[in-house]
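Undergrad: The structure under discussion is supplied below as structure tokens; questions concerning it will follow.
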Amino acid sequence: MRFPQAFALTGPLMLLSLPAMAHPGHEHGSGLMAGLLHPLTGMDHLLAMVAVGLWAGFVMPRRVLVAPLTFMAAMGSGALLGWAGIHLPLVETGIVLSVVVFGLLTLTGGQQQSVMLTRASLLCIGLFAVLHGHAHATEASGHAGAYLAGFMLSTAALHGLGVLMALAVARGQAGRWVQHVSGAVIAGGGAFLMLGAA
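Take the sequence shown: its letters are residues -22 to -1, 1 to 176, numbered as in mature numbering (1 follows the signal peptide of the UniProt record, and there is no 0).
This is how it looks when you write it as structure tokens:
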């Protein structure tokens, strides 16, 4: 099994293992569990992170780790900014907007798109990820290091789920249809969240 496929499979397995992590006795358990659950309890975080995995699987299947690692690195940077007390404007608005943008990137992206467009998409993913990380940090509870590890693991799991879904259908005849529908559903979900936040 190649590494990208192994990465894609680990995501759903991590999600399935969350109940086991709640067993008492884990060091810094409250921080770890809070971090693990935080990305899963907000529809904006959940949709955005799955969308990044979908985009990676559909648009960059041969370099499927680039987008998830870009997101996670930028998200970690955003968390550090939050813990340092550095204020970022419109964080919540930006997070909801990221769902719309990531959905549109998934809807319109393709393996034949230009290198410039792919790089611009990755930059966009990274910038929005900073906001996600900042929000995670400002809502942290328990031990900071354990909390960081928790939301990084959940983020990797959600990315992996999106990648796995994309790779499972990308080579089939229905691949483009699934890509367009999933992108449209995510973008529509983001628009709905924006209306609810207005």
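Beta carbons: idealized from backbone N, C-alpha and C, even for Gly.
Between which two residues does the alpha helix (DSSP H) carrying GLY60 extend?
TA: 44 to 61
Undergrad: Starting from the C-beta of SER92, find all residues in its chain whose C-beta is less than 8 Å away, skip the five residues before and the five after it, and write them out in chain order.
TA: none
Undergrad: Label GLY63 either buried or exposed according to how many other C-beta atoms from any shown protein chain fall within 10 Å of its C-beta, with 16 as the threshold for buried.
TA: exposed
Undergrad: Taking only the alpha-carbon atoms, compute the straight-line gap between GLY168 and ALA162 and give it to the nearest angstrom.
TA: 10 Å
Undergrad: Look at the Cβ atom of GLY31, then the Cβ atom of ALA107, and state whether they are nearer than 8 Å.
TA: no
Undergrad: Rounded to the nearest angstrom, how far is the Cβ of residue 229 from that of PRO46, given a contact under 8 Å?
TA: With the chain covering -22 to 176 only, the question about residue 229 has no answer from this structure.
Undergrad: Can you say whether LEU171 is buried or exposed, counting buried as having 16 or more other CB atoms within 10 angstroms of its CB?
TA: buried
Undergrad: So, are the CB atoms of HIS112 and VAL78 less than 8 Å apart?
TA: Not in contact: HIS112 and VAL78 (Cβ atoms no closer than 8 Å).
Undergrad: May I ask you to report which of helix, strand or coil DSSP gives MET(-22)?
TA: Summary for MET(-22): the model assigns pLDDT 47, below 50, so the residue's position carries little reliability; its value from the coordinates is reported in the next sentence. Here MET(-22) sits in coil by DSSP.
Undergrad: Apart from the five residues on each side of it in sequence, which residues of its chain come closer than 6 Å, Cβ to Cβ, to VAL156?
TA: VAL147
Undergrad: I need the straight-line Cα distance from ALA122 to LEU136, nearest angstrom please.
TA: 21 Å
Undergrad: Any heavy atom of the ligand GTP closer than 7 Å to the beta-carbon of GLY140?
TA: Ligands displayed in this structure: none; no statement on the ligand GTP is therefore possible.
Undergrad: Would you mind working out which of MET38, LEU14 and ASP22 sits nearest GLY166, comparing C-alpha positions?
TA: ASP22
Undergrad: Determine the DSSP secondary structure at SER160, reduced to helix, strand or coil.
TA: helix
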